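Working notes, structure below.
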Ligand code: NAP
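In this note's numbering, the protein residues as written are 289 to 534.
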């Protein structure tokens with residue numbers, strides 16, 4: 289088999305695949321011959337438009353609505369994906385939200401919403417696909433963390449904690465699954481030009497040593513590298529223009 293074909297025919301689930309980083313990761317995986325399940329919550333028309341772009345790559349694609357912060361919706365989503373596409377071999381835990389609010393206005397319900405959407409979702413979706421990955425002795429899980437986990441970032445403590453939690457989740461899963469052909473890694477981007485960042489006036493290019501925002505393509509490149517590589521696990525790969533150096 290040509291080494292460029294190693295992912296061909298595998299199935300991926302990209303949470304939050306309708307816009308921004310998730311959209312580009314879905315397309316990049318499709319270009320490797322991977323069939324794609326695109327999850328979205330509210331933006332059906334964007335999901336349908338990326339679905340047709342993905343299909344032009346010659347792979348199968350389904351768009352599945354689900355709020356991934358809710359256990360029953362995750363169960364329904366995974367049942368749909370398994371019925372219509374097959375088992376998930378590559379999971380991209382990308383869905384996320386930010387909430388821009390002054391520090392003293394962040395309340396318990398804001399904390400819960402951010403932690404449930406950004407962190408609990410990654411646990412729920414990973415748990416739901418793990419038994420099939422373990423039976424197949426192969427799997428890839430990528431957590432879309434953030435520089436906020438490392439520096440605090442430009443959103444707030446609830447967001448930073450949710451993204452730091454994803455790194456803890458990565459370490460635990462990576463250690464527990466290392467002998468089973470399943471790698472688990474985090475990607476920590478900073479200031480990538482998407483709608484999420486466009487809303488945030490504190491996100492300025494002069495914060496970034498390289499002096500510009502990153503692109504969704506630059507994040508997707510790293511995801512593809514991690515999906516292809518079987519010897520990198522438990523790592524956080526920074527795509528941040530030099531903002532945080534590890
Ligand atoms: P974005 O453009 O706002 O896209 C967010 C995606 O997540 C959308 O597809 C959205 O779907 C989906 N989503 C949100 N809540 C959901 C839910 N409850 N269930 C299912 N899907 C949900 O954001 P982005 O900038 O591409 O960010 C993608 C990920 O990268 C996020 O986890 C973010 O925290 C992380 N990140 C981004 C940056 C950056 O600079 N942009 C930096 C570091 C980390 P709907 O539109 O249908 O709701």
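No residue lacks a Cβ here, since even glycine has one placed at the ideal position from N, Cα and C.
Note that the structure is predicted; figures quoted are calculated from it, not measured.
- request: Return helix, strand or coil for residue 521, following the three-state DSSP convention.
  value: On the chain shown, position 233 is the one that residue 521 refers to. Note: residue 521 maps to coil in three-state DSSP.
message: Could you check if residue 479 belongs to the surroundings of the ligand NAP, using beta carbon to heavy atom distance under 6 Å?
response: By 1-based counting over the chain shown, the position of residue 479 is 191. For the ligand NAP, at least one heavy atom lies less than 6 Å from the Cβ of residue 479.
query: Could you give the distance in angstroms between the alpha-carbon of residue 321 and the alpha-carbon of residue 479?
result: For the purposes of this step, residue 321 is taken as the residue at position 33 of the chain shown. For the purposes of this step, residue 479 is taken as the residue at position 191 of the chain shown. Taking the straight line joining both Cα atoms gives about 29 Å.
message: Could you check if residue 374 belongs to the surroundings of the ligand NAP, using beta carbon to heavy atom distance under 6 Å?
response: Here residue 374 corresponds to residue number 86 of the chain shown, with the count starting at 1. At a cut-off of 6 Å, the beta-carbon of residue 374 does not count as near the ligand NAP: no heavy atom of the ligand is closer than that.
- prompt: Comparing the C-beta of residue 350 with each C-beta of chain C, is any distance below 7 Å?
  reply: Although the question refers to chain C, the structure presented lacks it and comprises just one protein chain.
- request: Using three-state DSSP, classify residue 443 as helix, strand or coil.
  value: Taking the chain shown and counting its residues from 1, one reaches residue 443 at position 155. Residue 443: coil per DSSP, three-state reduction.
field: Counted within 10 angstroms of its Cβ, other Cβ atoms place residue 430 as buried (16 or more) or exposed
entry: Translated into the one-based positions of the chain shown, residue 430 becomes position 142. Its Cβ being crowded by 16 or more others within 10 Å, residue 430 is buried.
query: Are the Cβ atoms of residue 525 and residue 510 separated by less than 7 Å?
result: On the chain shown, residue 525 is found 237 positions in, with the first residue counted as 1. On the chain shown, residue 510 is found 222 positions in, with the first residue counted as 1. The Cβ-Cβ distance between residue 525 and residue 510 falls below 7 Å.
- request: Within 10 angstroms of the Cβ of residue 327, are there 16 or more other Cβ atoms? Answer buried if so, exposed if not.
  value: Numbered from 1 along the chain shown, position 39 holds the residue referred to as residue 327. Residue 327 comes out buried.
query: Are the beta-carbon atoms of residue 394 and residue 459 separated by less than 7 Å?
result: Locating residue 394 in the chain shown gives position 106, where the first residue counts as 1. Locating residue 459 in the chain shown gives position 171, where the first residue counts as 1. Cβ atoms of residue 394 and residue 459: not closer than 7 Å.
message: Alpha carbons only, please: which of 372, 444, 399 and 415 is nearest the one belonging to residue 380?
response: Your numbering for residue 380 matches position 92 in the chain shown. Selected option, being the one with the closest Cα: 415.
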